[in-house]
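Asker: Structure provided below as structure tokens; questions to follow.
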Amino acid sequence: MDTSQIAADFDRHRALPEVSVEEYVRRRSVELGEWVMARERVYLDKCFWIALRDVRLMRTDDPSSKVLLQGLVRAVQEGRRICPISDALFLELLKQTDLHTRAATAELIDELSCGVTLIPHPTRIATEIAHFLYANTGHSVYALETLVWSKLANVLGVHHPMAKAFPAEDQVLIQKAFFDHMWRFSLAEMMQVIDERKIPDCSYPALADRLNQGKAAHADEMTNFAQVYRDEVYGTLDVAAPIALDVLGKMASDQGRYPAAPTQDERATAIREILGILRAAIEKPHVKHALRSLHLDACLHAALRWNKTQRFDANDLYDFQHAVAALGYCDFFLTDGPMHTLLTQKHLAFRHESLCRVGSSIEEAAVWLQ
183 MDTSQIAADF
193 DRHRALPEVS
203 VEEYVRRRSV
213 ELGEWVMARE
223 RVYLDKCFWI
233 ALRDVRLMRT
243 DDPSSKVLLQ
253 GLVRAVQEGR
263 RICPISDALF
273 LELLKQTDLH
283 TRAATAELID
293 ELSCGVTLIP
303 HPTRIATEIA
313 HFLYANTGHS
323 VYALETLVWS
333 KLANVLGVHH
343 PMAKAFPAED
353 QVLIQKAFFD
363 HMWRFSLAEM
373 MQVIDERKIP
383 DCSYPALADR
393 LNQGKAAHAD
403 EMTNFAQVYR
413 DEVYGTLDVA
423 APIALDVLGK
433 MASDQGRYPA
443 APTQDERATA
453 IREILGILRA
463 AIEKPHVKHA
473 LRSLHLDACL
483 HAALRWNKTQ
493 RFDANDLYDF
503 QHAVAALGYC
513 DFFLTDGPMH
523 TLLTQKHLAF
533 RHESLCRVGS
543 SIEEAAVWLQ
């Protein structure tokens, strides 16, 4: 721990007491987002990270893997590319039980990601909804792509220490300095301090079973892919509508309007009205693009449901989150063969909607990324 740097952080924030914690976090996030968007973003799923880690540990002599790793390292060092991760990749990393290889993977991620991660999937969805509403009501907004990045210690979200024993102004000072400290924290350092006994179960077998049961129960109702997609996206919008209502409430308070808190029935009515608006809006291409995580998630679930012989597997849910993150915000997505096949199905419009290039071959990726 660099105590001199921490002391400097306190001095800097003590000189700017008027900057709130929320505003400070936003400034740092936008600054990082602009830095990230000046580089090509290469999203690697777990299998590619493992392949590159094994090169670094000299566990493999595969020439294409070596070329790919060398090319990525060089591009990162030259400031041309980064390989950010996501909350899904982080949770998969925690599932590795060999502490030596897990630490080696974390060190490689630190190097190639430059310490950058996408914000958590649920936060990304909320950010897209808020950005869409603000942008379409006359507000000046940052580019969405600059708002979805953070540092690795915040891979599961930004958390601030609460110390009620301190005066409010000191608590704000502590929170901003703590944020700076965690901003510099590496993934390798995180792996050293994580208590193995407190790692949650990061698998989804129960959810996969429920999805398979639902798929079987409604199999006879599927008549075409467009209808299956519509069912899925309507389901995702059920999640979006309450978030949209909360955003609208904040917009009202920002304008100095403080309506009385709605009753439970009033809130339910408002959510239904917003849901109807969102369902109509999502038919438009620019809304699909604005709410891209919801749209991509719905597409992937619909594609798997449409294939009547394929069952949901617990790992599919991680793979879907990788795909949503990559297709939404990255230039290259390196994944496994089954996901590559899924994403290139003719009835999916990803080839036209996303500029992200998808591949599953290490040999091909090594050529692309030279």
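Numbering-wise (my numbering), the sequence shown opens with residue 183 and increments by one. C-beta: ideal position from N, C-alpha, C; glycine also.
In its own chain, which residues sit with a C-beta less than 6 Å from the C-beta of Glu414, not counting the 5 before and 5 after it?
Answerer: Ala480, His483, Ala484
Asker: Label Ile376 either buried or exposed according to how many other C-beta atoms from any shown protein chain fall within 10 Å of its C-beta, with 16 as the threshold for buried.
Answerer: That one is exposed.
Asker: Can you give the Cα-Cα distance for Lys277 and Gln353, rounded to whole angstroms?
Answerer: 35 Å
Asker: Distance check for Ala335 and Ser368, CA to CA, integer angstroms please.
Answerer: 7 Å
Asker: Given a cut-off of 8 Å on the beta-carbon distance, is the pair Val340 and Val207 in contact?
Answerer: yes
Asker: Just the Cα atoms here: how many angstroms apart are Ala442 and Pro302?
Answerer: 32 Å
Asker: Which residue marks the beginning of the beta strand (DSSP E) containing Phe514, and which one marks its end?
Answerer: 514-516
Asker: Let me make sure I understand the geometry here. Which of Met372, Leu281, Arg412 has the alpha-carbon closest to that of Asp292?
Answerer: Met372
Asker: Return the CA-CA distance between Leu271 and Arg539, expressed in angstroms with no decimal places.
Answerer: 19 Å
Asker: Pick helix, strand or coil for Ser186, following the three-state DSSP scheme.
Answerer: helix
Asker: Using a Cβ distance threshold of 8 Å, determine whether the stretch 485-498 contacts the stretch 417-435, with at least three qualifying pairs required.
Answerer: no
Asker: Pick helix, strand or coil for Thr405, following the three-state DSSP scheme.
Answerer: Thr405 falls in the coil class under three-state DSSP.
Asker: Would you mind reading off the limits of the alpha helix (DSSP H) that contains Glu448?
Answerer: 446-463
Asker: When you compare the CB positions of Ile264 and Cys229, do they come within less than 8 Å of one another, or not?
Answerer: no
Asker: With which residues is Val298 paired in a DSSP beta bridge?
Answerer: Lys333
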